[in-house]
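What follows is a single structure, written as C-alpha coordinates, with notes after it.
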Amino acid sequence: MRAVILRRGEDSGWIAECPSLPGCITQGKTKAETVRNIKEAIEGWIETMTVHGQAIPEEDYDTQVLCV
(Lines of atoms letter the chains of each structure in order from A and count residues from 1; the text may use other names and numbers.)
(Lines give C-alpha, C1' and ligand atoms only; values in the text may rest on other atoms or scores of the structure.)
Protein backbone atom coordinates (compact mmCIF):
# COMPACT_ATOMS: atom_id res chain seq x y z
CA MET A 1 0.00 0.00 0.00
CA ARG A 2 1.32 3.46 -0.92
CA ALA A 3 0.42 6.92 0.33
CA VAL A 4 -0.79 9.21 -2.46
CA ILE A 5 -1.29 12.95 -2.39
CA LEU A 6 -4.05 14.46 -4.54
CA ARG A 7 -4.24 18.17 -5.20
CA ARG A 8 -5.91 20.48 -7.66
CA GLY A 9 -3.84 21.46 -10.67
CA GLU A 10 -3.56 24.96 -12.04
CA ASP A 11 -5.88 24.17 -14.95
CA SER A 12 -8.72 22.79 -12.76
CA GLY A 13 -7.58 19.20 -13.22
CA TRP A 14 -5.99 17.04 -10.52
CA ILE A 15 -2.40 16.02 -9.74
CA ALA A 16 -1.42 12.89 -7.83
CA GLU A 17 1.96 11.85 -6.55
CA CYS A 18 3.38 9.00 -4.54
CA PRO A 19 6.01 10.57 -2.27
CA SER A 20 7.76 7.30 -1.41
CA LEU A 21 8.49 6.64 -5.12
CA PRO A 22 10.59 9.55 -6.40
CA GLY A 23 9.20 11.04 -9.60
CA CYS A 24 6.00 9.00 -9.50
CA ILE A 25 3.47 11.69 -10.42
CA THR A 26 0.55 11.98 -12.80
CA GLN A 27 -2.51 14.08 -13.53
CA GLY A 28 -6.08 13.81 -14.75
CA LYS A 29 -9.17 15.84 -15.51
CA THR A 30 -11.19 14.30 -12.67
CA LYS A 31 -10.32 12.75 -9.32
CA ALA A 32 -11.40 9.33 -10.55
CA GLU A 33 -9.21 9.56 -13.65
CA THR A 34 -6.28 10.79 -11.57
CA VAL A 35 -6.63 7.90 -9.11
CA ARG A 36 -6.66 5.41 -12.02
CA ASN A 37 -3.59 7.13 -13.48
CA ILE A 38 -1.60 7.08 -10.23
CA LYS A 39 -2.37 3.38 -9.72
CA GLU A 40 -0.96 2.73 -13.21
CA ALA A 41 2.02 4.99 -12.53
CA ILE A 42 2.84 3.18 -9.27
CA GLU A 43 2.59 -0.24 -10.95
CA GLY A 44 4.78 0.95 -13.85
CA TRP A 45 7.32 2.55 -11.51
CA ILE A 46 7.71 -0.63 -9.47
CA GLU A 47 7.83 -2.85 -12.58
CA THR A 48 10.52 -0.68 -14.19
CA MET A 49 12.68 -0.66 -11.07
CA THR A 50 12.30 -4.44 -10.72
CA VAL A 51 13.30 -5.06 -14.35
CA HIS A 52 16.40 -2.93 -13.85
CA GLY A 53 17.32 -4.63 -10.57
CA GLN A 54 16.79 -1.48 -8.53
CA ALA A 55 15.58 -1.47 -4.93
CA ILE A 56 11.94 -0.57 -4.28
CA PRO A 57 11.70 1.90 -1.38
CA GLU A 58 9.54 0.91 1.54
CA GLU A 59 6.52 3.07 2.26
CA ASP A 60 7.68 5.54 4.87
CA TYR A 61 4.92 8.10 4.93
CA ASP A 62 2.30 8.50 7.60
CA THR A 63 -0.49 10.83 6.61
CA GLN A 64 -2.82 12.93 8.69
CA VAL A 65 -5.37 15.55 7.80
CA LEU A 66 -5.35 18.58 10.08
CA CYS A 67 -8.04 21.23 10.30
CA VAL A 68 -6.40 24.57 10.99
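Residues in the sequence shown are numbered from 3 upward in steps of one, following our numbering.
Idealized CB from N, CA, C, for every residue including glycine.
Model, not experiment: these values are computed from the prediction.
- Query: Looking at the structure shown, is Glu12 part of a helix, part of a strand, or coil, going by DSSP?
  - Reply: coil
- Task: Compute the distance between the beta-carbons of Ile40 and Val67, then report whether it is under 7 Å.
- Result: no
- Message: Following a CB-centred definition, is Ile17 positioned closer than 6 Å to any heavy atom of the ligand ATP?
- Response: Absence of the ligand ATP is noted for the structure shown, with no ligands found whatsoever.
- Message: Give me the residue from Arg9, Asp13, Ser14 with the minimum Cα distance to Cys20.
- Response: Arg9
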